[in-house]
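Right, one structure below, let's go through it.
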Amino acid sequence: MKFEDRVEAYLDRIEAVLEAALPGPQVKPRRLHEAMRYAVLGGGKRIRPLLVYATGEALGVSADMLDAPAAAIEMMHAFSLVHDDLPAMDDDDLRRGRATAHKAFDEATAILAADALQPLAFWSLANAPGLRDFPAEKIRIIDLLAEACGSNGMTGGQAIDMAAEGKKLDAAELEHMYRLKTGRLLRASVLSAAYCPPACAVEELHSLERFVDYMGLAFQIRDDILDIEGSTEEIGKQQGADLAHSKATYPALFGIDESRRRADELLNEALAALDELDYDTEGLRFLAHLIVLRRT
Ligand code: IPE
Ligand code: IPE
Ligand code: MG
Ligand code: MG
Ligand code: MG
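Sequential numbering from 5 applies to the sequence shown in our numbering.
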């Protein structure tokens with residue numbers, strides 16, 4: 005069976021893991037918990053959890069060990085989206101085909117829901133049943149996620165993104181921003197699975213790292229292309245939002261053709277990095293193509 009045929013099962017799996025990890029909607033303070041659930045459940049492509057499971061499959065890691073890293077990374081991602089959409093940041097009203105969290109609730113509740121998702125992600129890792137017997141690996145994954153989200157990771161990238169509005173960046177500056185704001189969480193997805201037992205060799209870790217570094221850039225370039233070429237209905241976000249905010253993006257700075265060329269080039273580099281591995285990386289190859297060819 006191909007990975008593509010297992011995607012549906014993995015999507016059900018991560019939904020159930022997230023559902024179980026989140027406080028119930030009846031638990032007080034109810035509005036806060038409802039907003040956390042709204043931000044996380046019932047939407048999104050779940051690319052990051054799928055990368056966790058696909059990497060785990062390649063390396064022979066049991067799915068039970070991967071549930072907590074997959075859920076923790078998706079919670080961090082959801083937190084980043086809630087803040088990204090706030091009026092003070094990208095000021096978006098639509099996300100995953102419905103109202104953004106601050107529109108469905110209110111700004112204070114959205115900010116607090118995102119605030120609470122962060123510690124919940126770390127708590128879920130710290131208390132992961134699948135990692136109970138592997139304290140050293142668990143700490144390494146917690147360390148990885150903390151770095152991926154901090155000022156040298158996603159949050160730092162978001163700060164550069166905000167400061168770059170209306171500015172001209174060169175390709176290196178733009179790719180640095182993409183590596184941080186988008187690439188680091190994708191990197192954490194692949195490496196968290198690679199840190200689980202049975203740990204792979206250092207050279208193999210480096211190949212996986214190179215693979216996902218290329219894919220992180222390609223993921224954001226595709227996101228930026230879809231902001232221009234996609235439809236609001238397909239992408240579930242307001243089309244043209246980047247242009248409206250004078251965002252520094254690959255297509256805005258270098259044109260759509262060059263963006264497409266760069267995304268294809270990155271895909272090829274990523275696949276070449278996988279060629280160095282002796283593992284069956286069919287799932288990762290499938291996701292790599294999905295990331296560059298997706299329409300949503
Ligand atoms: C959107 O991420 C934010 C970026 C980093 C570009 P996704 O495209 O993975 O969003 P969802 O989770 O599928 O909604
Ligand atoms: C988002 O980049 C990166 C994050 C870390 C959330 P964008 O601002 O382009 O993401 P979308 O297009 O709103 O999903
Ligand atoms: Mg943004
Ligand atoms: Mg945005
Ligand atoms: Mg975007």
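Ideal placement from N, C-alpha and C gives every residue a C-beta, glycine not left out.
Should residue i be counted as a contact of ligand 5 given a C-beta to heavy atom distance under 7 Å?
{"i": "A279", "result": "It is Asp, not Ala, that sits at residue 279 in the sequence shown. For ligand 5, not one heavy atom lies less than 7 Å from the Cβ of D279."}
{"i": "D89", "result": "no"}
{"i": "D246", "result": "yes"}
Please determine, among the options, the residue with the shortest C-alpha to C-alpha distance to residue i.
{"i": "Q242", "options": "L98, T113, R289, L281", "result": "L98"}
{"i": "I229", "options": "C204, V296, R214, A176", "result": "V296"}
{"i": "R191", "options": "G234, L288, E269", "result": "L288"}
{"i": "E12", "options": "V31, L54, P27", "result": "L54"}
{"i": "I225", "options": "E237, A252, R35, L195", "result": "A252"}
{"i": "L173", "options": "T104, I146, V194, L257", "result": "L257"}
{"i": "P133", "options": "L70, P27, L26", "result": "L70"}
{"i": "A248", "options": "M93, K6, L26, E19", "result": "M93"}
{"i": "I143", "options": "S128, D95, S155", "result": "S128"}
{"i": "L15", "options": "P33, H37, L36, Y57", "result": "Y57"}
{"i": "A245", "options": "D231, A108, E237, E238", "result": "D231"}
{"i": "L212", "options": "Y42, A108, I164, A276", "result": "A276"}
{"i": "R34", "options": "L189, F109, L209", "result": "F109"}
{"i": "Y254", "options": "F7, A176, R214, A25", "result": "A176"}
Given the structure, does residue i come close to ligand 2, in the sense that its CB is under 7 Å from one of the ligand's heavy atoms?
{"i": "M69", "result": "no"}
{"i": "Q162", "result": "yes"}
{"i": "K172", "result": "no"}
{"i": "T104", "result": "no"}
{"i": "K185", "result": "yes"}
{"i": "K241", "result": "yes"}
State buried or exposed for residue i, treating a residue as buried only when at least 16 other CB atoms are found within 10 Å of its CB.
{"i": "D89", "result": "buried"}
{"i": "A167", "result": "exposed"}
{"i": "A320", "result": "Lying before the first or after the last residue shown, residue 320 is absent from the chain, which here runs from 5 to 300."}
{"i": "S250", "result": "exposed"}
{"i": "D60", "result": "The displayed chain sequence assigns Gly, not Asp, to residue 60. So G60 ends up on the buried side."}
{"i": "G234", "result": "buried"}
{"i": "T285", "result": "buried"}
{"i": "P91", "result": "exposed"}
{"i": "T113", "result": "buried"}
{"i": "V31", "result": "exposed"}
{"i": "V206", "result": "exposed"}
{"i": "M40", "result": "buried"}
{"i": "R17", "result": "buried"}
{"i": "M79", "result": "buried"}
{"i": "S66", "result": "exposed"}
{"i": "S155", "result": "exposed"}
{"i": "H106", "result": "buried"}
{"i": "D261", "result": "exposed"}
{"i": "R136", "result": "exposed"}
May I ask whether a heavy atom of ligand 4 can be found less than 7 Å away from the beta carbon of residue i?
{"i": "D94", "result": "yes"}
Could you round the C-beta distance between residue i and residue j to whole angstroms and report it? I think they count as a contact, below 8 Å.
{"i": "A117", "j": "L149", "result": "At roughly 19 Å, the Cβ-Cβ gap does not stay under 8 Å, so A117 and L149 are not in contact."}
{"i": "G101", "j": "G240", "result": "4 Å"}
{"i": "A197", "j": "L63", "result": "7 Å"}
{"i": "A130", "j": "I146", "result": "7 Å"}
{"i": "A43", "j": "A82", "result": "5 Å"}
{"i": "R299", "j": "E238", "result": "6 Å"}
Hey, does residue i have any beta-carbon neighbour from chain C nearer than 8 Å?
{"i": "G234", "result": "Given the protein chain composition of this structure (a single chain), no chain C is represented."}
Run the proximity test for residue i: is its beta-carbon closer than 7 Å to any non-hydrogen atom belonging to ligand 1?
{"i": "G47", "result": "yes"}
{"i": "I115", "result": "no"}
{"i": "G236", "result": "At residue 236 the sequence reads Thr, which differs from the Gly that was named. Every heavy atom of ligand 1 is 7 Å or more from the Cβ of T236, so no."}
Is residue i near ligand 6, judged by its Cβ being under 7 Å from some heavy atom?
{"i": "D227", "result": "Ligand 6 is not part of the structure shown, which contains ligand 1, ligand 2, ligand 3, ligand 4 and ligand 5 as its ligands."}
Are there any heavy atoms of ligand 3 lying less than 7 Å away from the beta-carbon of residue i, as far as the coordinates show?
{"i": "D231", "result": "no"}
{"i": "D97", "result": "no"}
{"i": "D147", "result": "no"}
Quick one: any contact between the region 68-86 and the region 41-57, if contact means 3 or more CB pairs under 8 Å? Taking a contact to require three or more Cβ pairs closer than 8 Å, the region 68-86 and the region 41-57 qualify as touching.
Take every Cβ of the region 154-161, pair it with every Cβ of the region 177-187, and state whether three or more of those distances are shorter than 8 Å. Enough Cβ pairs lie closer than 8 Å, so yes.
Touching by the beta-carbon criterion (3+ pairs, under 8 Å), the region 212-219 and the region 262-278: Taking 8 Å as the limit for Cβ pairs, the verdict is that the region 262-278 does touch the region 212-219.
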